[in-house]
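Line order of the protein sequences matches chains A and B. The numbers in the first sequence follow the working numbering, run straight up by one, and end at 380. The numbers in the second sequence follow the working numbering, run straight up by one, and end at 760. So the structure is just underneath, and the comments pick up after that.
Number of protein chains: 2
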Amino acid sequence: MKVTINRDKLMESIQHVTKAISSKTAIPILSGLKIQVKDNGIKLTGSNSDITIESFIPVEEEGIQFIDELEAGEIIVHAKYFPDIIRKSPKDTVMIETDEQLQVTIKSGHAEFHLNGQDAEEYPQIAQIQTDTSFELPINLLKNMIKQTVFAVSTSETRPILTGVNLRVEEGQLKFVATDSHRLAASNIPLETPLDNFPESQVVVPGKSLNELSKILDDTEEKIYISVTDNQIAFQTNHLYFLSRLLDGKYPETARLIPEESKTTLLANTKQLLQAVDRASLLAKENHNNVIRLQTIGNQMIEISSNSPEIGKVEEELTVENIQGEDLKISFSSKYMIDALKIMETDQVRIEFTGAMRPFIIKPTDHEQILQLILPVRTF
Amino acid sequence: MKVTINRDKLMESIQHVTKAISSKTAIPILSGLKIQVKDNGIKLTGSNSDITIESFIPVEEEGIQFIDELEAGEIIVHAKYFPDIIRKSPKDTVMIETDEQLQVTIKSGHAEFHLNGQDAEEYPQIAQIQTDTSFELPINLLKNMIKQTVFAVSTSETRPILTGVNLRVEEGQLKFVATDSHRLAASNIPLETPLDNFPESQVVVPGKSLNELSKILDDTEEKIYISVTDNQIAFQTNHLYFLSRLLDGKYPETARLIPEESKTTLLANTKQLLQAVDRASLLAKENHNNVIRLQTIGNQMIEISSNSPEIGKVEEELTVENIQGEDLKISFSSKYMIDALKIMETDQVRIEFTGAMRPFIIKPTDHEQILQLILPVRTF
């Protein structure tokens with residue numbers, strides 16, 4: 001195996017695939033990085049038991065030559081040393097070559113590294129999944145849907161299914177839902193082409209997988225292809241193949257949690273509300289579980305407050321656009337409210353309450369594609 | 381006590397004094413931040429057993445009004461909550477007021493905080509030190525001298541005196557020296573006015589104190605006044621007073637460690653050498669104590685290498701400006717070499733060796749104000 005390749009392009013691919021590599025793996029060879037030199041380019045692979053990431057660098061693309069010389073072959077290199085060696089190479093180009101003793105030579109300028117490699121035959125085969133259930137999305141839209149939901153997955157393993165985001169297709173809409181049973185985040189978009197054979201309520205992607213995927217993807221309008229089987233989901237762009245296992249089990253029915261009517265509706269400036277909640281949370285952090293209070297005052301003002309007797313208290317009056325319906329006093333987690341408001345892209349949000357002890361929902365003012373739900377806390 | 385003050389100016393002072401405040405203190409009141417409102421401004425104090433920092437904000441300075449209204453008084457506030465409250469204040473101005481029950485009210489815009497305060501009478505008195513032994517330096521020069529030496533202090537408490545930087549005055553020069561007994565860093569500058577009564581070899585300032593001081597000081601040419609007593613050192617600028625305890629004991633005599641003659645002299649490009657050493661260190665990190673090798677090849681080339689049989693090896697030839705004297709093979713810690721080269725400001729460095737088993741020194745090429753010394757490791 002031999003390849004002479006652009007350092008920065010190689011580094012970008014390395015950074016993508018190492019997101020899947022862990023030094024704490026039960027299968028020792030998975031702590032390595034797989035390099036495959038083929039006739040048309042070079043493919044890197046990183047994997048752990050949950051995620052596999054492949055990144056391909058073509059010989060040339062759009063008139064830019066990334067690879068100068070290549071001889072097919074494959075090798076496993078130390079994921080701990082190889083990335084630093086490439087990053088710190090003195091020249092723009094690096095040459096990587098293996099011999100029959102699995103020695104890997106890396107040359108750049110006058111620097112010459114010799115690394116002990118491992119036989120690529122010992123690396124597990126990565127199945128390219130076969131399925132009819134696939135669809136495509138612009139990458140930036142997928143990243144948005146992940147951002148709007150993934151923070152709400154459960155971090156506790158008591159109900160493992162809740163550590164994932166549920167993907168479902170309903171009425172021509174693709175829907176992402178996450179909940180930790182105290183709050184829920186949902187995001188949906190219309191699908192361009194209908195998708196009839198999408199598995200029902202069982203596509204639950206680990207939140208960690210979606211977070212890693214989102215970090216790797218650039219914020220572009222290019223398409224990403226998503227394919228689903230019974231136990232895996234694959235995300236594919238031009239040069240990236242990202243495979244994640246799905247969580248076992250059936251995701252709970254969440255639609256019935258969402259109140260259909262509201263008794264008090266609040267229209268507020270997103271940023272002002274976020275900052276006031278953030279200030280109130282300052283004194284609610286300890287011994288108090290982040291709980292703050294919100295109280296309506298007339299039809300254009302709310303008071304946000306918190307009280308920790310041992311430390312102090314905070315009160316803030318905030319003028320809002322509009323309050324309709326019943327007067328309200330309600331307590332909730334400032335953390336959940338901050339998480340929900342942070343992902344809102346609109347200047348204003350609508351909050352719909354159904355009483356102090358019922359879940360309330362937060363939405364953008366001008367569309368229905370995002371819905372955040374928070375369960376209140378009993379304090380009044 | 382009452383004061384209405386510019387938020388950002390207050391925040392800057394808070395950030396300075398909180399550098400001295402630790403939540404893990406044996407004296408509970410020192411986990412608080414002291415606020416003193418005086419007729420001419422406001423003084424903040426933070427302290428732990430080693431360092432005390434005072435920051436003063438005048439009512440106005442250079443035509444800029446920082447404080448609008450004030451009533452003298454003093455209070456201790458939670459150093460854990462107060463800084464965040466000020467940072468997140470909605471308006472540019474905050475009002476701070478105390479009542480007789482030691483309640484602190486902080487108002488900004490419509491946000492109103494009430495914090496439980498503590499009686500300032502219970503805060504330890506900070507002695508302003510009285511001494512004739514004082515001198516002044518431009519701040520940027522002091523920061524440079526700290527940067528050039530403090531990284532070499534010992535991190536081990538086996539010889540506590542080595543965790544500090546030794547300040548001494550010799551032949552009209554102010555000299556900073558730090559050593560962990562494996563390497564030494566020295567920086568010296570000529571003093572503008574002679575200083576006869578400077579204590580001999582016992583002014584040893586904890587490295588941690590100098591690091592914190594350096595972080596607080598802006599990189600300006602303004603003067604800083606330094607005063608020394610038997611057990612304390614004070615650094616004073618216009619509005620900042622930084623007091624540190626000195627380490628107990630006598631600093632070892634280090635001058636005799638520095639070789640007076642050299643057998644091999646190397647002149648190299650600082651950045652190229654630093655990068656080559658950094659690359660060689662990549663495979664020297666584990667099981668190998670960061671040890672790398674340097675070997676002269678003729679009079680214009682060196683080879684830098686390291687070898688970890690279980691991982692791999694690296695070799696790099698580097699063309700240098702000039703090599704004079706005997707051929708040389710020497711091994712040393714790449715970490716020490718990287719630390720030493722990083723603080724060199726000149727494009728080229730001179731390295732003077734006196735054989736493979738003797739300490740070697742690294743200097744700038746055009747002045748004698750910085751000296752770095754490294755002890756080699758026996759491997760050849």
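Built from N, CA and C at the ideal position, the CB exists for glycine as well. All figures in this text were calculated on a predicted structure; none of them were measured in a lab.
- Cβ neighbours of Ile465 of chain B in the same chain (closer than 7 Å, five flanking residues each side left out): Ile486, Phe493
- Going by Cα to Cα distance, which pick from B:Val474, B:Ile596, B:His396, B:Phe531 is closest to Glu449 of chain B? B:Val474
- Query: When the cut-off is 8 Å and only beta carbons count, does Tyr461 of chain B lie next to chain A?
  - Reply: yes
- Message: Helix, strand or coil for Leu240 of chain A? Go by DSSP, reduced to three states.
- Response: strand
- Backbone secondary structure at Phe332 of chain A - three-state DSSP: strand
- Item | Pro756 of chain B, buried or exposed, once every other Cβ within 10 Å from all chains shown has been counted against 16 | buried
- Measuring alpha carbon to alpha carbon, tell me which of A:Val349, A:Ser331, A:Lys335 ends up nearest Pro359 of chain A. A:Ser331
- Member of A:Thr379, A:Thr346, A:Leu341 whose CA lies at the smallest distance from the CA of Ala356 of chain A: A:Thr379
- Query: Leaving out five residues before and five after Ile76 of chain A in sequence, what residues of the same chain have Cβ atoms less than 8 Å from its Cβ?
  - Reply: Ile29, Gly32, Leu33, Lys34, Ile35, Gly117, Gln118, Asp119, Ala120, Glu122, Tyr123
- Task: Starting from the beta carbon of Gln275 of chain A, find every residue of chain B whose beta carbon is closer than 8 Å, and list them in chain order.
- Result: Lys468, Pro470
- Taking 8 Å as the CB-CB limit, is Glu315 of chain A close to chain B? yes
- Query: In three-state DSSP terms, what is Glu212 of chain A?
  - Reply: helix
- Quick one: give me the first and last residue of the alpha helix (DSSP H) that Gln553 of chain B is part of. Not the alpha helix (DSSP H): Gln553 of chain B falls in the beta strand (DSSP E), residues 553 to 559.
- Message: I'd like the span of the beta strand (DSSP E) that includes Ile682 of chain B, first residue to last.
- Response: 681 to 688
- Item | Closer than 8 Å at the beta carbon, the chain A residues around Ala664 of chain B | Residues of chain A passing the Cβ test: none, with the nearest at roughly 11 Å.
- Which chain A residues are close to Glu551 of chain B, counting only those with a beta carbon under 9 Å from its beta carbon? Those within 9 Å of Glu551 of chain B in chain A number zero; the least Cβ separation is about 43 Å.
- Query: Along chain B, in chain order, which residues have C-beta atoms closer than 8 Å to that of Glu112 of chain A?
  - Reply: Val694, Glu695, Glu696
- When the Cα of Arg563 of chain B is compared with those of B:Arg539, B:Gly587, B:Ser534, which residue comes out closest? B:Ser534
- Going along chain A, which residues have a C-beta under 8 Å from Arg387 of chain B? Neighbours of Arg387 of chain B on chain A: none; closest Cβ ~13 Å, over 8 Å.
- Message: Using a Cβ distance threshold of 8 Å, determine whether the region 419 to 431 of chain B contacts the region 393 to 402 of chain B, with at least three qualifying pairs required.
- Response: yes
- Query: What residues from the region 337 to 349 of chain A come within 9 Å of chain B, judged by C-beta to C-beta, listed N to C?
  - Reply: none
- Message: Tell me the DSSP secondary structure of Ala20 of chain A in three-state form.
- Response: coil
- Nearest-angstrom Cα separation, counted from Ile684 of chain B out to Leu768 of chain B: This structure does not reach residue 768 of chain B, given that chain B is present from 381 up to 760, and the question cannot be answered.
- Query: Do you know whose CA, among B:Ile422, B:Ile569, B:Lys468, lies nearest Leu282 of chain A's CA?
  - Reply: B:Lys468
- Message: I'd like the list of long-range same chain contacts for Thr617 of chain B, defined as Cβ closer than 6 Å, with 5 residues on each side in sequence excluded.
- Response: Ile604
- CA-CA distance, Gly249 of chain A and Ile233 of chain A? 15 Å
- Query: To the nearest angstrom, how far is it from the Cα of Leu267 of chain A to the Cα of Leu318 of chain A?
  - Reply: 12 Å
- Item | Coarse secondary structure for Met11 of chain A, derived from DSSP in three states | helix
- Task: Measuring alpha carbon to alpha carbon, tell me which of A:Glu157, A:Ile146, A:Val204, A:Thr193 ends up nearest Arg168 of chain A.
- Result: A:Val204
- Within chain B, partners of Arg293 of chain A - CB distance below 9 Å: Going along chain B, no residue has its Cβ under 9 Å from Arg293 of chain A, so there is no contact; the nearest lies around 14 Å.
- Query: Which residues of chain B have a Cβ atom closer than 9 Å to the Cβ of Asp278 of chain A, listed in chain order?
  - Reply: Lys468
- Query: How many whole angstroms separate the CB atoms of Val150 of chain A and Asn188 of chain A, which I take to be in contact at a CB cut-off of 8 Å?
  - Reply: Contact flag wrong, Cβ pair sits at about 15 Å.
- Message: Pull the bridge partners of Ile486 of chain B from the DSSP assignment, please.
- Response: B:Ile476, B:Phe493
- Whole alpha helix (DSSP H) elements within the region 319 to 366 of chain A, 4-residue minimum: 334 to 342
- Can you tell me where the alpha helix (DSSP H) with Ile85 of chain A in it begins and where it stops? 82 to 87
- Query: Which stretch, first to last residue, makes up the beta strand (DSSP E) that contains Leu273 of chain A?
  - Reply: Counting along the chain, Leu273 of chain A falls outside any beta strand (DSSP E), though it belongs to the alpha helix (DSSP H) covering 270 to 281.
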